[in-house]
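Taking our numbering, the leading residue of the sequence shown gets 698, the next gets one more, and so forth.
Where is the CB? At the ideal position from N, CA and C, for every residue including glycine.
To start, the structure under review is shown below, and the notes come after it.
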Amino acid sequence: MFALFVATCLWWNVSGLKAAGPDEIPFRKQTIDLGRSESVTVADINRDGRLDIVSGENWYEQALPAQKGEGPRWIKHHFRDLGYTDGYIKDLSDVAIDVNGDGYPDIVSCSYWEEPLTWWENPGAQDKPWRKTIIQTGAPVEFVFLVDFLNTGQAKQLLPQFGDENFPMSWYELVGKGSEAKWVRHIVSPHSYGHGIGLGDINKDGRNDIITPKGWFEAPADPREGQWIFHQEFDLGATGFIYVEDVNGDGLPDLVTSMAHSYGIVWYEQKKSPDGSRTWIKHVIDDAWSQAHAMTLVDLNGDGKMDLVTGKRYYAHEHDPGANEPLGIYWYEPVQSNGRLQWIRHVIEYQ
Ligand SMILES: [Ca+2]
Ligand SMILES: [Ca+2]
Ligand SMILES: [Ca+2]
Ligand SMILES: [Ca+2]
């Protein structure tokens, strides 16, 4: 699970990319708030053309620099009370999407405790509080993604990771506008499949599939009503986020994931036999540090290949292996060397 960490945000100094050497991207840390938070997202909350930051109970309005040459100022707006328990703030993901269609991004949040999946209506120009609507109750949600279930190229549906395996695995589609806007639930399976989840097209049929630690669900032609076929082809363990990406460039989508509560950032190479059967070969990207609970894939150095950005979660659990070892934020660059894929670790911050 999660624990508290200091809410800081890294300002990515991409303009200095070339100056520091061929492989290194310099990062300079800008501390915005030393308060507590678990999650963060970025959206233009007030529609002034500048991206703002949303994290926990606050959003931080990006304002122009006080003086020329300085970075942006961040004006803190406390917009909701979430509560704390056992060292956690009750907000484990924030994702931004305009739920009611008024042009202002709203926030979907999840929690392991009461009110596990909610959306919060941005009041926009009106001087009133953000209004909360509960989307789902009945099981804890450890993280939630905005993903593309309808295969339109737009990530507008919700995929929660339910913390209770007895709870049906489900995704949520946004329908209606204004006061009619609501999240419609679609059940894929009568139960859930453990710690970790992701969405991506495993079999390259143009339909995004669901990946769980215990196997993957092949998407039907109609993701709302059709039967999802389970393929029990791997057992990944208690992972964090699971991504589908052809990292070795052989045309077959692979899996990239991490052990959320132990050591190991890994990728699984998809192999396909002439008879169509699939096997998955595990490759370790890095096992020098533990608790990579969250990660993202992004082309950080602009070479057209996805890099991996992740960091050590402070006390994902206080009893996890390596829980008291040094914290760090890293990115990993995939490089082909002698016909083998290797991942170069770059340190963003280490302490
Ligand atoms: Ca703004
Ligand atoms: Ca809105
Ligand atoms: Ca597919
Ligand atoms: Ca591949």
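Next on the checklist: Between P1031, Y1029 and Y1012, which has its C-alpha nearest P1023's C-alpha?
Outcome noted: Y1012
Checklist entry - Hey, R921 and H883: beta-carbon distance below 7 Å or not? => result For R921 and H883, yes; Cβs fall inside 7 Å.
Checklist entry - Is the number of C-beta pairs between the region 794 to 803 and the region 767 to 779 that are closer than 8 Å three or more? => result no
Checklist entry - Within the chosen definition, does the region 930 to 942 reach the region 893 to 901 through at least 3 CB pairs nearer than 8 Å? => result yes
Next on the checklist: I'd like to know whether the C-beta atoms of E754 and I772 end up nearer to each other than 7 Å.
Outcome noted: In this structure, I772 does not lie closer than 7 Å to E754 by Cβ.
Next on the checklist: Taking 8 Å as the cut-off, does the region 956 to 964 touch the region 904 to 914 (at least 3 CB pairs, one atom from each stretch)?
Outcome noted: no
Item to check | Spatial neighbours of V1044 in its chain, beta-carbon cut-off 7 Å, leaving aside the 5 residues before and after | outcome: G1025 and Y1027
Checklist entry - So A957 and T976 are in contact, right, with Cβ under 8 Å, and what is the actual spacing, rounded? => result That pair is no contact at about 24 Å.
Next on the checklist: Just checking D1050 against ligand 3 - is the residue's beta carbon closer than 6 Å to any of the ligand's heavy atoms?
Outcome noted: Coverage of the chain is limited to positions 698 through 1048, which leaves residue 1050 absent and any answer about it impossible.
Checklist entry - Is P837 closer than 7 Å to G860 when the C-beta atoms are compared? => result yes
Checklist entry - With distances taken from each beta carbon to the nearest heavy atom of ligand 1, which residues come in below 5 Å, in chain order? => result D741, N743, D745, R747 and D749
Next on the checklist: Do E839 and Q858 have their beta-carbon atoms positioned less than 7 Å apart in this structure?
Outcome noted: yes
Item to check | Proximal residues to V703 (C-beta, below 7 Å), its chain only, five neighbours per side dropped | outcome: Low local confidence applies: a pLDDT of 33 at V703 is under 50, so the model's placement there is unreliable, with the coordinate-based value given in what follows. Same-chain partners within the cutoff: L731.
Checklist entry - Taking the Cβ atom as the reference point for each residue, do S955 and A918 lie within a distance shorter than 7 Å? => result no
Next on the checklist: Judging by CA-CA distance, which residue of M866, V881 and S867 is the nearest neighbour of G873?
Outcome noted: V881
Checklist entry - How is E877 classed by DSSP in three states: helix, strand or coil? => result helix
Checklist entry - When we look at the beta-carbon of W929 and count the other beta-carbons within 10 Å, is it buried (16 or more) or exposed? => result With the sequence shown as reference, residue 929 is identified as Gln, and Trp is not the correct amino acid for it. Looking at its Cβ environment, which holds fewer than 16 other Cβ atoms inside 10 Å, Q929 is exposed.
Checklist entry - In terms of residues, what are the limits of the beta strand (DSSP E) holding E1046? => result R1037 to Y1047
Next on the checklist: Can you confirm whether E877, when its beta carbon is compared against all beta carbons of chain B, has any partner nearer than 7 Å?
Outcome noted: Here chain B cannot be found, since the structure has a single protein chain.
Item to check | Limits of the beta strand (DSSP E) - the one that P723 falls within | outcome: Where P723 is concerned, there is no enclosing beta strand (DSSP E), given that its DSSP letter is neither H nor E.
Checklist entry - Pick out every residue whose C-beta is nearer than 7 Å to a heavy atom of ligand 4: which are they, in chain order? => result D943, V944, N945, G946, D947, G948, L949, P950, D951, E966 and Q967
Next on the checklist: Could you check if D791 belongs to the surroundings of ligand 2, using beta carbon to heavy atom distance under 6 Å?
Outcome noted: no
Item to check | Residues whose Cβ lies closer than 6 Å to any heavy atom of ligand 2, in chain order | outcome: Here the residues come out as D795, V796, N797, D799, Y801, D803 and N819.
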